[in-house]
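K.L.:
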Amino acid sequence: MFCTCIPFFFRRTFLKSTEYKCLMSTVVLFIVQCRILLRISEIDLQILSKVQAQYPGVCINNEVVEPSAEQIAKYKELVAKTSNLKNIKFAWHKETSSEYQSRILEKKELQKWDFIHMIQMLYYVKDVPATLTFFHSLLGTSAKMLIILVSGSSGWAKLWEKYGSRLPRDDLCLYITSSDLTQMLDNLGLKYECYDLLSTMDISDCFIDGNENGDLLWDFLTETCNFNATAPPDLKAEIAKDLQEPEFSAKKEGKVLFNNSLSFIVIEA
Numbered sequence: 021m022f023c024t025c026i027p028f029f030f031r032r033t034f035l036k037s038t039e040y041k042c043l044m045s046t047v048v049l050f051i052v053q054c055r056i057l058l059r060i061s062e063i064d065l066q067i068l069s070k071v072q073a074q075y076p077g078v079c080i081n082n083e084v085v086e087p088s089a090e091q092i093a094k095y096k097e098l099v100a101k102t103s104n105l106k107n108i109k110f111a112w113h114k115e116t117s118s119e120y121q122s123r124i125l126e127k128k129e130l131q132k133w134d135f136i137h138m139i140q141m142l143y144y145v146k147d148v149p150a151t152l153t154f155f156h157s158l159l160g161t162s163a164k165m166l167i168i169l170v171s172g173s174s175g176w177a178k179l180w181e182k183y184g185s186r187l188p189r190d191d192l193c194l195y196i197t198s199s200d201l202t203q204m205l206d207n208l209g210l211k212y213e214c215y216d217l218l219s220t221m222d223i224s225d226c227f228i229d230g231n232e233n234g235d236l237l238w239d240f241l242t243e244t245c246n247f248n249a250t251a252p253p254d255l256k257a258e259i260a261k262d263l264q265e266p267e268f269s270a271k272k273e274g275k276v277l278f279n280n281s282l283s284f285i286v287i288e289a
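21 is the number of the first residue of the sequence shown in the numbering used here; add one for each residue after it.
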């Protein structure tokens, strides 16, 4: 997750202009093209580069909230190797979103931000409505918050609905989709727009015995470490059968393409 702030004069004109809409379209297009396979740090720098291109020379404050020391180190390494970042001030916080929230509220440092994104992270918070409420309170006038997570019409949604109660999760992982999120936003009375991206993921290797990539895909699909080796045979057989059904995947040129559709939710301040 990252937060970005630009000076007031530029913010006032930027957020009300067509450039902002063009930038958001570019951001979404970039993420689509990357298919969420890049590290978030790389996505952040691409977003920041678009802002810089629109307003060269303007100082930008960028805060990153990330609980993994390894990911922060990689982020810093990428920044060190990237040119033309002299007008961007980076701050990294090694903490979860809830830890960040507690610290900010305790110190009463309610700085306002122009753009906040949460890309594929809401699965790992304990209280989603509280998280949404807090970070929405940090948005400045006319600012936006971008959330990306799996679509309610995706294969993920069907997989979790049918098998979620039977899958042993190794850590905190909420089975939340865009359908759940938009319901929460409606309950909170927040204004938003939702865009769906049709996407697929090749899971053909799941059905090849002894395939290492297939084993990793099983772990990813089920959020379970060593699922292929430890899951009850009947459970694995059921899931394997369903994963090849039309409601979960499409078959094309001998490949099994899992419905990996995503939703982009842009929340208004």
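Where is the CB? At the ideal position from N, CA and C, for every residue including glycine.
Whole angstroms is fine: what's the gap from Ala111's alpha carbon to Glu258's?
P.N.:
Counting from 1 along the sequence shown, the entry for residue 111 is found at position 91. Counting from 1 along the sequence shown, the entry for residue 258 is found at position 238. Those two C-alpha atoms are separated by around 47 Å.
K.L.:
I want to know whether the stretch 146-158 touches the stretch 106-124 - three or more CB-CB distances under 8 Å.
P.N.:
yes
K.L.:
Establish whether the CB of Lys271 and some CB of chain B are separated by less than 8 Å.
P.N.:
Absent from the structure is chain B; it holds one protein chain and no more.
K.L.:
Kindly list the residues whose CB is nearer than 7 Å to the CB of Leu290, restricted to its own chain and excluding five residues on each side of it in sequence; keep chain order.
P.N.:
Missing from the structure shown is residue 290; the chain here goes from 21 to 289 and no further.
K.L.:
At which residues does the alpha helix (DSSP H) containing Ile223 begin and terminate?
P.N.:
Working through the sequence shown from its first residue, we reach residue 223 at position 203. It is not in any alpha helix (DSSP H) - Ile223 carries neither H nor E in the DSSP assignment.
K.L.:
Going by C-alpha distance, which of Ile124, Ser283, Ser157 and Ser122 is nearest Leu174?
P.N.:
Residue numbering aside, residue 174 sits at position 154 when the sequence shown is read from its first letter. For the sequence presented, residue 174 should be read as Ser rather than Leu. Cα-wise, what sits closest to Ser174 is Ser283.
K.L.:
Near Leu130, what residues of its chain come up, given a Cβ to Cβ distance below 8 Å and the 5 sequence neighbours on each side ignored?
P.N.:
Numbered from its first residue, the sequence shown carries residue 130 at position 110. Cβ within range, chain order: Ile124, Ser157 and Leu158.
K.L.:
Comparing C-alpha positions only, which one of Cys226, Pro253, Gln203 and Glu90 sits nearest to Ile285?
P.N.:
Position 265 of the sequence shown, counted from the start, is the residue given in the question as residue 285. Ranking the options by Cα distance to Ile285, first place goes to Gln203.
K.L.:
What's the gap between the Cα of Ala73 and the Cα of Leu241?
P.N.:
Position 53 of the sequence shown, counted from the first residue, corresponds to residue 73. Position 221 of the sequence shown, counted from the first residue, corresponds to residue 241. Rounded to whole angstroms, Ala73 to Leu241 spans 38 Å at the Cα level.
K.L.:
In whole angstroms, what separates the C-alpha of Ile228 from that of Val276?
P.N.:
Here residue 228 refers to the residue found at position 208 when the sequence shown is read from its first residue. Here residue 276 refers to the residue found at position 256 when the sequence shown is read from its first residue. Ile228 and Val276 have their C-alpha atoms roughly 12 Å apart.
K.L.:
If we require 3 or more residues per run, which beta strand (DSSP E) segments fall completely within the stretch 97-121?
P.N.:
Taking only runs of at least 3 residues, the beta strand (DSSP E) segments lying wholly in the stretch 97-121 are 108-113.
K.L.:
Please report the distance separating the alpha-carbon of Tyr143 from that of Leu179.
P.N.:
To locate residue 143, count along the sequence shown from 1; it is residue 123. To locate residue 179, count along the sequence shown from 1; it is residue 159. Rounded to whole angstroms, Tyr143 to Leu179 spans 15 Å at the Cα level.
K.L.:
Does the Cβ of Cys54 have 16 or more other Cβ atoms within 10 Å, making it buried, or fewer, making it exposed?
P.N.:
In the sequence shown, counting from the first residue as 1, residue 54 sits at position 34. Caution is warranted here: a pLDDT of 38 is assigned to Cys54, below 50, making its placement in the model unreliable, and no coordinate value can be reported.
K.L.:
Less than 8 Å separating the beta-carbons of Leu105 and Ser61?
P.N.:
Taking the first residue of the sequence shown as position 1, residue 105 is located at position 85. Taking the first residue of the sequence shown as position 1, residue 61 is located at position 41. When the beta-carbon positions are compared, Leu105 and Ser61 stay at least 8 Å from each other.
K.L.:
Going by Cα to Cα distance, which pick from Asp262, Ala289, Glu86 and Asp222 is closest to Glu273?
P.N.:
Within the sequence shown, numbered from 1, the residue matching residue 273 stands at position 253. Checking every option, the nearest Cα to that of Glu273 belongs to Asp222.
K.L.:
Please state whether DSSP places Val148 in a helix, a strand or coil.
P.N.:
On the sequence shown, residue 148 is found 128 positions in, with the first residue counted as 1. Here Val148 sits in helix by DSSP.
K.L.:
Compute the Euclidean distance between the alpha carbons of Gln140 and Pro87, then round it to the nearest angstrom.
P.N.:
Taking the sequence shown and counting its residues from 1, the one referred to as residue 140 is at position 120. Taking the sequence shown and counting its residues from 1, the one referred to as residue 87 is at position 67. Approximately 14 Å, taken between the alpha carbons.
K.L.:
Does the beta-carbon of Val47 have 16 or more other beta-carbons within 10 angstroms, so that it is buried, or is it exposed?
P.N.:
Position 27 of the sequence shown, counted from the first residue, corresponds to residue 47. For Val47, the predicted model reports a pLDDT of 49, less than 50, meaning its position is unreliable; a value from the coordinates is still stated below. Result: buried.
K.L.:
Would DSSP call Ser160 helix, strand or coil?
P.N.:
Counted from its first residue, the sequence shown places residue 160 at position 140. Residue identity differs from the one stated: residue 160 is Gly in this sequence, not Ser. Gly160: strand per DSSP, three-state reduction.
K.L.:
Could you give the first and the last residue of the continuous alpha helix (DSSP H) run that contains Ile259?
P.N.:
Walking along the sequence shown from the start, residue 259 turns up at place 239. Counting along the chain, the alpha helix (DSSP H) containing Ile259 begins and ends at Pro253 to Leu263.
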